[in-house]
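For the sequence shown, the numbering used here assigns the number 185 to the initial residue and increments by one for each residue that follows.
No residue lacks a Cβ here, since even glycine has one placed at the ideal position from N, Cα and C.
Owing to the predicted nature of the structure, the values given are computational and were not obtained by experimental measurement.
All remarks here apply to the structure that follows.
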Amino acid sequence: HAAAAESICYATTNRQEAVKETAAGSDLFLIVGAPTSSNSRRLVEVAERAGASMSLLVQRASEIPWTDIAGISTLGLSAGASAPEIIVDEIIDAFRQRFNVTIELAVTATETEDFPVMRVLRDVELTAADMAFVNGAA
C-alpha cells in the first residue's frame with residue numbers, strides 16, 4: 185500500500201508543477217475531478233495563483249459553463265490524480281465539438297505508474313455519482 189500512496193503523491197506533485205508552469209498563459213484552466221478531492225481542489229488553487237484568468241473544477245463536460253467561456257482562446261487542462269482519463273478525453277472531445285482546437289501537450293514530468301481499471305469496470309458508463317464514489321465522496 186505504501187508504494188501506491190507514494191505514486192499518487194508523486195502524480196499529485198507532478199500535476200501541480202505542470203499547472204504552475206502552464207497556467208499563466210491560460211484564459212481558463214479546467215481541472216477534472218470531484219469537488220471532494222483535495223488534490224483536485226488544490227490544482228484549482230495552483231492554477232489561480234500561477235496566473236490563469238479563470239480556473240474551474242468539473243467532473244464532466246456537461247458541467248462546463250459553455251456560454252461563460254465562449255470568448256476564451258487558451259485553455260489549460262489537467263486532472264486530479266484519481267480522475268479517470270476517459271473523462272479527460274470526454275472534455276477534450278466536447279471542446280473539439282464547439283471550438284477549433286489545437287492541442288499542445290506540456291510535458292513537465294513523465295509518470296510511469298499505471299493503475300489499470302479492473303476488467304469488469306472497463307466498459308461501464310460512468311455517471312457523476314460514480315465519479316464522486318471513485319473520488320471518495322460516497
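The criterion of a C-beta distance shorter than 8 Å is satisfied by R244 and I271.
Where A231 is concerned, there is no enclosing beta strand (DSSP E), although the alpha helix (DSSP H) around it starts and stops at S222 to R233.
Taken through DSSP and simplified to helix, strand or coil, V203 comes out as helix.
G255 and R199 have their C-alpha atoms some 26 Å from each other. Residues of the same chain with a CB within less than 7 Å of the CB of S262, apart from the 5 flanking positions on each side, are R199, A202, V203, I215 and L227 in chain order. R225 and A234 have their C-alpha atoms spaced approximately 14 Å apart.
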